[in-house]
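Working notes, beginning with the structure itself.
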Amino acid sequence: MSSGGNKFPSPIGGIPFPHDFAPALFFTILYAVTVHVAAYRMISKRSRTLVLIATTIFCVERVADFAIRAAEAKEPNIRTTKFFVGWLQSAYAMGYLSTTGDLLNISRMFILQTTKGTSLTVQLPPSDRFSPRMEEEQPLTATRPDNATSSFTKLPMTDQEEFEDEPKLRATIERIGLVTLVLRLNAIALAAVSGGIYFNGVTSASQANIVQITRYASAIIVLFLQLSALGVVLWALSMRPHRTPRGPALYLCSIVGVIMLTTIYRLAAMDNHTTSLTAMGPGSLNGPTAKALFYIFHVAPEWLSVAMLLAVNVREVYHVPAGLKFH
0 MSSGGNKFPS PIGGIPFPHD FAPALFFTIL YAVTVHVAAY RMISKRSRTL
50 VLIATTIFCV ERVADFAIRA AEAKEPNIRT TKFFVGWLQS AYAMGYLSTT
100 GDLLNISRMF ILQTTKGTSL TVQLPPSDRF SPRMEEEQPL TATRPDNATS
150 SFTKLPMTDQ EEFEDEPKLR ATIERIGLVT LVLRLNAIAL AAVSGGIYFN
200 GVTSASQANI VQITRYASAI IVLFLQLSAL GVVLWALSMR PHRTPRGPAL
250 YLCSIVGVIM LTTIYRLAAM DNHTTSLTAM GPGSLNGPTA KALFYIFHVA
300 PEWLSVAMLL AVNVREVYHV PAGLKFH
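The sequence shown begins at 0 in numbering that gives the first Met the number 0 and counts up by one.
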């Protein structure tokens, strides 16, 4: 579909062509497998937590998204229809927000746990507990010896360092959590608008301008939220090393770092414009190189961050509750 010579924002991921069929089918299968892992995490009493609900829904949605992309790659008559173009642009704009939201909640609850005093029952896990096979819950002690490595060692109660309870810091972190929630909801709304009216922007310069503004705004907010999650964990590691389990914290930072690749790619790709959805010229995001970059820097980091999140028992490793409220 052409805009009659007027430029509009190029669709992220381009329009599916025959060379998209194999990668689309691959990620359909990959996410279908991931759905089973997510379902296991939600069904198992040991790992069930609503903190992962958005990621679980995201996995199911991505199966549908890539199935649609594979179908479009084989059927030229549906590639540029309003419904499918809008669906995929909305999916790509909103999908990675699900994992980002869950990572924000996990990082917040993880840091909140470190504000508890030693008089309370604190069960922060040791830093080497990242294998899905290690399902037995083992409380973490509050300190480690001076000559210890990054792993925490269980000490006799008489040798433990005592920590004061920090209700004021806990309240501050909770307030920050509310702010990030509001920002995340705004990012979701902006992403929904950009995807919902994308097809209209093909023929309307004013609509195209709204698409560009809203998708940039959404991605910038998401990047800020991801940097916030990364920053708060790194702050805890540097300023509260004895209260913060090093291994789980670094693993959480690595997941955030992976999903940030998707955001950065989107911000870089959104500068491209085209005059036709099916154009193959520079900036159209339809060429083989552009498609390869899309799968490597947008799609793969999304899946990898989800896989890393589901590979561990988040409920035990980060001591998050079964619900969404921290106690």
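Note that the Cβ used here is the ideal one computed from N, Cα and C, for glycine as well.
Check your understanding: Cα separation between Ile77 and Val210?
Key -> The residue you call residue 77 lines up with position 78 of the sequence shown. The residue you call residue 210 lines up with position 211 of the sequence shown. If I take the Cα positions, the gap works out to 22 Å.
Point to revise | Given 8 Å, three or more beta-carbon pairs between the segment 183-191 and the segment 232-239 | key: no
Review point. Applying the criterion that 16 or more other CB atoms from any shown protein chain within 10 Å of the CB defines a buried residue, is Asp101 buried or exposed?
Key: For the purposes of this step, residue 101 is identified with residue 102 of the sequence shown, where counting begins at 1. It counts as buried.
Review point. Just the Cα atoms here: how many angstroms apart are Ile336 and Ser304?
Key: Any answer about residue 336 is impossible in this case: the structure gives the chain only from 0 up to 326.
Point to revise | Arg9 - DSSP class collapsed to helix/strand/coil | key: What you label residue 9 is simply residue 10 of the sequence shown in a count that begins at 1. Just to set this straight, residue 9 is Ser in the shown sequence, not Arg. Coil at Ser9, not helix or strand.
Point to revise | Close beta carbons around Phe65, own chain, < 8 Å, minus the five adjacent residues each side | key: Taking the first residue of the sequence shown as 1, we reach residue 65 at position 66. Contacts found: Ala23, Leu24, Phe26, Thr27, Tyr30.
Point to revise | Enclosing alpha helix (DSSP H) for His35 [first to last residue] | key: Residue mapping note: residue 35 aligns to position 36 of the sequence shown, counting from 1. Counting along the chain, the alpha helix (DSSP H) containing His35 begins and ends at 20-42.
Review point. Among Asn312, Val311, Glu315, Glu301, which one has its Cα closest to the Cα of Ala90?
Key: Translated into positions along the sequence shown, residue 90 becomes position 91. Of the candidates Asn312, Val311, Glu315, Glu301, the one whose C-alpha sits nearest the C-alpha of Ala90 is Glu301.
Point to revise | DSSP-derived helix/strand/coil call for His318 | key: Translated into positions along the sequence shown, residue 318 becomes position 319. Coil at His318, not helix or strand.
Review point. Between Ala38 and Ala204, what straight-line distance do the alpha-carbon atoms span, to the nearest angstrom?
Key: Counting from one through the sequence shown, the residue named residue 38 turns up at place 39. Counting from one through the sequence shown, the residue named residue 204 turns up at place 205. Distance between the alpha carbons of Ala38 and Ala204 is about 44 Å.
Review point. How would you call Arg174, buried or exposed, if buried means at least 16 neighbouring beta carbons within 10 angstroms?
Key: Start at 1 with the first residue of the sequence shown, and residue 174 comes out as number 175. Per the 10 Å Cβ criterion, exposed.
Review point. Short check: CB of Gln88 to CB of Gly256, under 9 Å?
Key: Here the question's residue 88 lines up with position 89 in the sequence shown. Here the question's residue 256 lines up with position 257 in the sequence shown. In this structure, Gly256 does not lie closer than 9 Å to Gln88 by Cβ.
Review point. Would you report the Cα separation of Ser43 and Met108, rounded to the nearest angstrom?
Key: Working through the sequence shown from its first residue, we reach residue 43 at position 44. Working through the sequence shown from its first residue, we reach residue 108 at position 109. Cα to Cα, the separation comes out at about 21 Å.
Check your understanding: His241 by DSSP, collapsed to three states: which one?
Key -> Reading the sequence shown from its first residue, position 242 is the one you call residue 241. Looking at His241 - three-state DSSP - the assignment turns out to be coil, as it is neither helix nor strand.
Practice item. Enumerate in chain order the residues of its own chain whose CB-to-CB distance from Ala306 is below 7 Å, with the five nearest sequence positions on each side excluded. Key: Within the sequence shown, the letter at position 307 stands for residue 306. Result list for Ala306: Thr33, in chain order.
Check your understanding: Can you name, in chain order, every residue of its own chain whose Cβ lies under 8 Å from the Cβ of Ile263, other than the five neighbours on each side?
Key -> Here residue 263 refers to the residue found at position 264 when the sequence shown is read from its first residue. When the five nearest sequence neighbours on each side are left out, the beta carbons in the same chain lying within less than 8 Å of the beta carbon of Ile263 are those of Leu222, Phe296, in order along the chain.
Check your understanding: Mind checking Thr336: buried by the 16 CB within 10 Å criterion, or exposed?
Key -> Outside the modelled stretch of the chain, which goes from 0 to 326, sits residue 336, for which no answer is possible.
Point to revise | Helix, strand or coil at Thr117 [DSSP, three-state] | key: Counting from 1 along the sequence shown, the entry for residue 117 is found at position 118. Looking at Thr117 - three-state DSSP - the assignment turns out to be coil, as it is neither helix nor strand.
Exercise for review: Report all residues from its chain with a CB closer than 8 Å to the CB of Ala69; omit the five preceding and five following residues, and keep chain order.
Suggested key: Walking along the sequence shown from the start, residue 69 turns up at place 70. Counting only Cβ-Cβ distances below 8 Å, and skipping sequence neighbours, we find Pro15, Asp19, Phe20, Ala23, Leu24, Thr27.
Exercise for review: Could you check what DSSP says for Thr273 in three-state terms: helix, strand or coil?
Suggested key: In the sequence shown, the residue the question calls residue 273 occupies position 274. Three-state DSSP puts Thr273 in a strand.
Check your understanding: Which residue's Cα is closest to the Cα of Thr213: Lys6, Ile56, Met93, Ile67?
Key -> Your numbering for residue 213 matches position 214 in the sequence shown. Here the closest residue by C-alpha is Met93.
**Study point:** Supposed close pair Leu309, Arg40 - CB separation, criterion 8 Å
**Key:** Here the question's residue 309 lines up with position 310 in the sequence shown. Here the question's residue 40 lines up with position 41 in the sequence shown. Taking C-beta atoms under 8 Å as the contact rule, Leu309 and Arg40 qualify, at a distance of about 6 Å.
Review point. Assuming Leu266 contacts Ile105 under a Cβ cut-off of 8 Å, what Cβ separation, rounded to an integer in Å, is found between them?
Key: Along the sequence shown, one-based indexing puts residue 266 at 267. Along the sequence shown, one-based indexing puts residue 105 at 106. Contact flag wrong, Cβ pair sits at about 24 Å.
Exercise for review: List the whole-angstrom C-beta distance separating Thr360 from Ala235, where the pair is believed to meet the contact cut-off of C-beta under 8 Å.
Suggested key: Outside the displayed span of the chain (0 to 326) sits residue 360, for which this structure offers no information.
Point to revise | Beta-carbon contacts of Ala278 that lie in its chain and below 7 Å, excluding the five residues immediately before and after | key: Residue 278 sits at position 279 when you count from the first residue of the sequence shown. Here the set comprises Asn285.
Check your understanding: Grouping DSSP H, G and I as helix and E and B as strand, with all else coil, what is Met279?
Key -> The residue labelled residue 279 in the question sits at position 280 within the sequence shown. If DSSP states are grouped into helix, strand and coil, Met279 belongs with coil.
Practice item. Label Asn208 either buried or exposed according to how many other C-beta atoms from any shown protein chain fall within 10 Å of its C-beta, with 16 as the threshold for buried. Key: Stepping through the sequence shown from its first residue, residue 208 is reached at position 209. With fewer than 16 Cβ atoms within 10 Å of its Cβ, Asn208 is classed as exposed.
Point to revise | DSSP three-state assignment for Glu163, whether helix, strand or coil | key: By 1-based counting over the sequence shown, the position of residue 163 is 164. Residue state, collapsed to three classes: coil.
Point to revise | Own chain residues within Cβ distance below 6 Å of Asn271, not counting five before or after | key: Here residue 271 is taken as the residue at index 272 of the sequence shown, counted from 1. Ser9, Gly282, Leu284, listed in sequence order.
Review point. Leaving out the 5 sequence neighbours to the left and right, which residues in its chain are closer than 7 Å to Leu233 when beta-carbon positions are compared?
Key: Taking the sequence shown and counting its residues from 1, one reaches residue 233 at position 234. Sequence-distant partners of Leu233 (beyond 5 residues in either direction) whose C-beta falls short of 7 Å from its own C-beta, in its chain, are Cys252.
Review point. Ordered along the chain, which non-local residues of its own chain (more than five positions away) have a Cβ less than 7 Å from that of Gln225?
Key: The sequence position of residue 225 within the sequence shown is 226, counting from 1. Around Gln225: Thr99, Val255, Ile258, Met259, Thr262.
Check your understanding: Beta-carbon separation of Phe83 and Glu71 under 9 Å?
Key -> Within the sequence shown, numbered from 1, the residue matching residue 83 stands at position 84. Within the sequence shown, numbered from 1, the residue matching residue 71 stands at position 72. Cβ distance < 9 Å, so Phe83 and Glu71 count as in contact.
Check your understanding: So what does DSSP say about Ile196, is it helix, strand or coil?
Key -> By one-based count along the sequence shown, residue 196 stands at place 197. Ile196 falls in the coil class under three-state DSSP.
Exercise for review: Answer yes or no: do Leu49 and Ala321 have a C-beta to C-beta separation smaller than 9 Å?
Suggested key: Counting from one through the sequence shown, the residue named residue 49 turns up at place 50. Counting from one through the sequence shown, the residue named residue 321 turns up at place 322. It is a contact, given that the beta carbons lie within the stated cut-off.
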